[in-house]
DNA sequence: TTAGGGTTAG
């Protein structure tokens, strides 16, 4: 209770509003156990060292490089792609260290995300020269990157060239590509260009059919999913619980509540061993459609049928109560789950905190933020962003900024969204001080490797000029040109 | 990293 009182009292406005930049790179992943402090130091070092001196700096750095360490650093540098690739390359020059295939995969993933295909293929070649691959996982990464860059045809070509890179094409890699295409809602392309043509050659199995059924469900074309089901039976493949669960979810997604319920009843009638995933899907499906009582009945029924709810089931039900019923009831279920010995996870907290923010119960939301830590799940950047956004929307800008400061204490790094939310909030009160804060935030985000939009720069510049902060505006203008965001012509 | 359920705003 005392801790809570302290937390709440620290929400009062304090100055300075921004924590010192030295907090910058206390990096951890927020949902998994904290990474060793040494990782943060290395990441910090990589971020602030220029590419020319990085190799030497790393050489002198007193640490024994191991594949695990390198993979962790690459993961932490995920939002700083070019820096991550420089780090990878610099280590490659170290005489005492050789990259392993998982690090190559990470680097290839990062290059793909940057759409730097030249680097990507150079890395693939190097991987092959060193007999480290490329392996099917490498190609799963590459094709996924091409598909998400809007180049699905290229991804398919790459799949068929796998063997030229010394990697076998098998049913697994075929299924992986089908899945990548389906998940990006390109099920028609997956069907016409791959599945129909090559299912014989790769001996499509239950997994292939499930992937295709799910693909149709994702774009709400449940009749096509039913066709897939029919066809797999015709070919002598038995549908599994996964197949049925895909269809139930598909009906709900398509808004076919009646069909979902009938399908569920059919499953029961045919003595399917309905599992916790089916029940969770049905509870969530009815709930988000506004049928809370029906969701509640199914939730109660599953226990009667001897299927224990999982944390995911509770999360689904709690979310439904938050959205379509009321937060009080959601909190009762939350407490009930604790009494039954379940350990809430970050999703559980996420939905409860969101629910509380949504009805303006910010103090209670902050209380749950504090509780998270007791349950060993640190709030992640998304949940911080939600709380900051709601505080700012309610005009409680200082409280929003205070939560932002707390992220630093909690080793949770702000992301691009965090900065955009806060900077936008600095314009609502039309106060000169707020504009100064906006400017400081803009400088801080650039120092942390985020590239603000041109719009953000112009907005802050206009604000500073209107509030008579000409000198600060000049500083921001210089920053903007350093970032390569060409400034407009401004009269200063 | 071969398939199904729970977070994400308007």
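In the working numbering, the protein residues as written are 1 to 492.
Virtual Cβ for every residue (Gly too), placed ideally from N, Cα, C.
The C-beta of residue 251 has 16 or more other C-beta atoms within 10 Å across all chains shown, which makes the residue buried. In the structure shown, residue 344 adopts coil according to DSSP, grouped into three states. Segment contact: the region 143-158 against the region 126-133, fewer than three CB-CB distances shorter than 8 Å; contact not assigned. The C-beta distance from residue 327 to residue 351 rounds to 10 Å, too long to fall under 8 Å, and the pair is not in contact. Taken through DSSP and simplified to helix, strand or coil, residue 165 comes out as helix.
In this structure, the CA atom of residue 338 is about 15 Å from the CA atom of residue 377.
A direct Cα-to-Cα measurement between residue 383 and residue 198 gives close to 44 Å. The region 193-249 contains, as complete alpha helix (DSSP H) runs of 4+ residues, the segments 206-218, 222-234 (chain order). Taking one beta carbon from each stretch, the region 254-271 and the region 231-240 have fewer than 3 pairs nearer than 8 Å; the two do not touch.
Linking residue 192 to residue 218 through their CA atoms gives a straight-line distance of about 17 Å.
Excluding its 5 nearest sequence neighbours in each direction, residue 134 has C-beta neighbours in its own chain below 6 Å: 124, 127, 165, 167, listed in chain order. Contact between residue 80 and residue 449 holds, with the beta-carbon distance rounding to 5 Å and staying under 8 Å.
For residue 100, there is no enclosing alpha helix (DSSP H), since its DSSP letter is neither H nor E. Selection 309, 409, 399, 411 evaluated against residue 422 yields 399 as nearest (Cα-Cα). Around residue 84, the same chain offers 74, 77, 110 as residues with beta carbons nearer than 6 Å, after the five sequence neighbours per side are excluded. The beta-carbon separation of residue 456 and residue 420, rounded to 7 Å, stays under the 8 Å limit for a contact. Here residue 51 is exposed. Its C-beta has fewer than 16 other C-beta atoms within 10 Å.
In this structure, residue 461 lies near residue 476, with their beta-carbon atoms less than 7 Å apart. Relative to the Cα of residue 68, the nearest Cα in the group 394, 310, 100 belongs to 100. Taking residue 353 as reference, the option from 234, 336, 318, 324 with the minimal CA-CA separation is 318.
Secondary structure note for residue 287: its alpha helix (DSSP H) is the uninterrupted segment 276-288.
Residues of the same chain with a CB within less than 7 Å of the CB of residue 375, apart from the 5 flanking positions on each side, are 343, 344 in chain order. Excluding residues up to 5 positions away in sequence, 180 lie with their Cβ nearer than 7 Å to the Cβ of residue 144 in the same chain.
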